[in-house]
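Only one structure is covered here, and it is reproduced in the block below.
Residue numbers (my numbering): 533 to 855.
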């Protein structure tokens, strides 16, 4: 496990419940010491008690990778390139790589594509974990459906038992690009949903906003991959819905702060966890320009977050573009 946040903690909980010995890289030394001493992550989901006999925390990234067959990356997309620079390029050649990074890297690449190109790893060695699943509900053993996506069906079948529990059903999916873009766009929609809530809009507006968000996501995925997929299943739309409505969504909270009057920088400072929707908005805006598709919700997010436009004015314009 590479990453010390709430979702990484939830995945470690799942793995240890399944009796999977797990080496866990956390960059903060006090996190490592806290996990080692108490079985709890002192920074995130600290009420969760992990099996210390199955967890080996460490701040030595290379040692963790060397000792592990499967490497799961759960770090902010903005820090992925810096993290990869610390890893020798040949160290991951024989590993199975799983990404659960729900953002766009600084050079506007999908995290899986970046990992594949940087380390020269075949997509056949890679998989992607997506939702709909919030860490807070996973650790409380709420019934959850996790998506495991990749190009290699055999690998997906091998990996699925690692994450399957009485309260987690793993859905296998062979459209990793579509699922990854869905995981990224849903964070943008989460930010705009939060903005709407902060501005005082109600459930009626949110229902229309999120319905239009589903259509925007369909346009993005169909433009990138015209093959027929069951776009309305939970690997795509389910993840979007939970981020748009859930009180656990950090992106929704970030947007809510802005809707209530915070500047973008003030809202970012108030966040205790990374709101991936912030940088995802910038990356997807660049992509949308190349695809030549009309995405008013994404445009609204970009104009507020990066063009310093009035949130009240932009939402009045958005009202006219929703159907």
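Cβ atoms here follow ideal geometry from the backbone N, Cα and C, with glycine treated the same way. Please read all numbers here as calculations on a predicted model, not as lab measurements.
Residue i to residue j span [Cα, whole Å]
i           : j           : result
residue 603 : residue 679 : 17 Å
residue 832 : residue 847 : 7 Å
residue 801 : residue 809 : 15 Å
residue 665 : residue 705 : 16 Å
residue 623 : residue 736 : 51 Å
residue 744 : residue 716 : 16 Å
residue 693 : residue 721 : 31 Å
residue 651 : residue 621 : 5 Å
residue 536 : residue 713 : 23 Å
residue 579 : residue 805 : 17 Å
residue 829 : residue 568 : 44 Å
residue 667 : residue 576 : 10 Å
residue 683 : residue 794 : 42 Å
residue 853 : residue 799 : 26 Å
residue 790 : residue 796 : 6 Å
residue 689 : residue 581 : 29 Å
residue 656 : residue 816 : 26 Å
residue 588 : residue 566 : 12 Å
residue 674 : residue 699 : 6 Å
residue 574 : residue 593 : 19 Å
Residues bridged to residue i (per DSSP)
i           : result
residue 727 : DSSP output for residue 727 lists no bridge partner at all.
residue 660 : 631, 681
residue 701 : 677
residue 534 : 557, 605
Distance CB(residue i)-CB(residue j) smaller than 7 Å
i           : j           : result
residue 769 : residue 752 : no
residue 719 : residue 783 : yes
residue 615 : residue 607 : yes
residue 654 : residue 644 : no
residue 663 : residue 811 : no
residue 640 : residue 818 : yes
residue 727 : residue 787 : yes
residue 659 : residue 612 : no
residue 551 : residue 671 : no
Inter-residue CB distance, residue i and residue j (contact presumed, cutoff 8 Å)
i           : j           : result
residue 601 : residue 628 : 6 Å
residue 619 : residue 633 : Actually they are not in contact, since the Cβ atoms of residue 619 and residue 633 sit about 15 Å apart, beyond 8 Å.
Continuous beta strand (DSSP E) assignments of at least 3 residues falling wholly in the segment 553 to 616
554 to 557, 587 to 590, 602 to 605
Could you give the uninterrupted runs of the alpha helix (DSSP H) lying entirely in the segment 754 to 794, keeping only those of 4 residues or more?
771 to 777, 782 to 791
Could you give the uninterrupted runs of the alpha helix (DSSP H) lying entirely in the segment 819 to 849, keeping only those of 4 residues or more?
828 to 838, all fully within the segment 819 to 849.
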